[in-house]
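Novice: What follows is a single structure, and I will ask about it in a moment.
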Amino acid sequence: MPSTSLDAPAAVGSTLTYMNAAMSMTDFLMSGLFEKFPRLKIAYSEGQIGWIPYILERADKVWEDNRGWGGVEDKVLRPPSEYYFEHVYGCFFDDPHGVKNIEAIGIDNVTFETDYPHSDSTWPHSLKIAMDIMKDLDDETVYKIVRGNAIKMLHLPLDR
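All residue numbers for the sequence shown refer to full-length UniProt numbering, where the first residue is 1 and numbers rise by one.
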């Protein structure tokens with residue numbers, strides 16, 4: 001987990017766990033690897049999802065304004081957010097803010113996780129918490145988040 005200083009309490013790292021995912025996703029979006037490997041799929045577990053819209057917005061802005069000197073002009077041929085929607089999945093277990101922003105994150109780009117047995121998980125109340133967080137979503141969206149998107153991402157031979 002990331003830390004801000006040697007004497008930072010463990011709670012700092014737990015608060016900032018999304019940072020590793022955000023940095024890694026930004027690296028992938030700006031790497032050109034999705035051009036080189038067009039079938040590559042990536043899932044970010046244990047990072048929640050609420051941070052994703054900002055990273056996508058910022059990456060697109062940097063790509064648009066700075067790609068000539070930013071080192072991506074010849075390898076990132078489209079806005080980074082386009083690669084995200086084609087290749088990346090965000091996973092969450094307790095992120096009401098992320099669920100409220102599901103349209104910006106991508107209904108087809110999100111999966112639910114339990115993160116058992118970590119201390120930061122919602123277990124043994126995962127189902128209750130998931131249902132509460134997703135109570136305002138329609139049935140099709142909930143299905144995609146809790147089952148459908150994972151089946152698609154992993155190419156599982158399962159029916160609805």
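Note that beta-carbon positions come from the ideal geometry of N, C-alpha and C, so glycine has one too.
Remember, predicted model here, so these are calculated numbers, not experimental data.
#1: How should H87 be labelled, buried or exposed, when 16 other C-beta atoms within 10 angstroms of its C-beta is the threshold for buried?
#2: Is N149 buried or exposed, if buried means 16 or more other CB atoms sit within 10 Å of its CB?
#3: Rounded to whole angstroms, what is the Cα-Cα separation between D94 and D120?
#4: Look at the alpha carbon of M30 and the alpha carbon of G90, and state the distance between them as a whole number of angstroms.
#5: So residue 190 and Q48 are supposed to be a Cβ contact under 8 Å. How far apart are they, rounded?
#6: I'd like the list of long-range same chain contacts for I105, defined as Cβ closer than 7 Å, with 5 residues on each side in sequence excluded.
#7: Would DSSP call F28 helix, strand or coil?
#8: Measure from the alpha carbon of I151 to the alpha carbon of each residue in W123, L77, F112 and D139, then state which is nearest.
#9: Start and end of the beta strand (DSSP E) containing V99?
#10: Within a Cβ cutoff of 6 Å, which residues of the same chain sit near P96, ignoring the five residues on either side of it in sequence?
#11: With a CB to CB cut of under 7 Å and the five nearest residues on each side skipped, what residues in its chain are close to T26?
Specialist: This is what the structure holds:
#1: Here residue 87 refers to the residue found at position 87 when the sequence shown is read from its first residue. When all chains shown are included, H87 counts as buried.
#2: Start at 1 with the first residue of the sequence shown, and residue 149 comes out as number 149. Burial call: buried.
#3: Taking the sequence shown and counting its residues from 1, the one referred to as residue 94 is at position 94. Taking the sequence shown and counting its residues from 1, the one referred to as residue 120 is at position 120. Taking the CA atoms as reference points, D94 sits about 9 Å from D120.
#4: The count along the sequence shown starts at 1 and reaches residue 30 at position 30. The count along the sequence shown starts at 1 and reaches residue 90 at position 90. Going by the C-alpha atoms only, they are around 17 Å apart.
#5: Coverage of the chain is limited to positions 1 through 160, which leaves residue 190 absent and any answer about it impossible.
#6: On the sequence shown, residue 105 is found 105 positions in, with the first residue counted as 1. When the five nearest sequence neighbours on each side are left out, the beta carbons in the same chain lying within less than 7 Å of the beta carbon of I105 are those of I49, I52, P53, G90 and G98, in order along the chain.
#7: Within the sequence shown, the letter at position 28 stands for residue 28. It is helical.
#8: Here residue 151 is taken as the residue at index 151 of the sequence shown, counted from 1. Nearest option by C-alpha distance: F112.
#9: Sequence index remark: in the sequence shown, residue 99 carries index 99 (1-based). Here V99 belongs to no beta strand (DSSP E); instead the alpha helix (DSSP H) covers P96 to K100.
#10: Locating residue 96 in the sequence shown gives position 96, where the first residue counts as 1. Shown here for P96: same chain residues with a beta carbon closer than 6 Å to its own, the five before and five after excluded, namely I133 in chain order.
#11: Taking the sequence shown and counting its residues from 1, one reaches residue 26 at position 26. Closer than 7 Å at Cβ, skipping near neighbours: I55 and A59.
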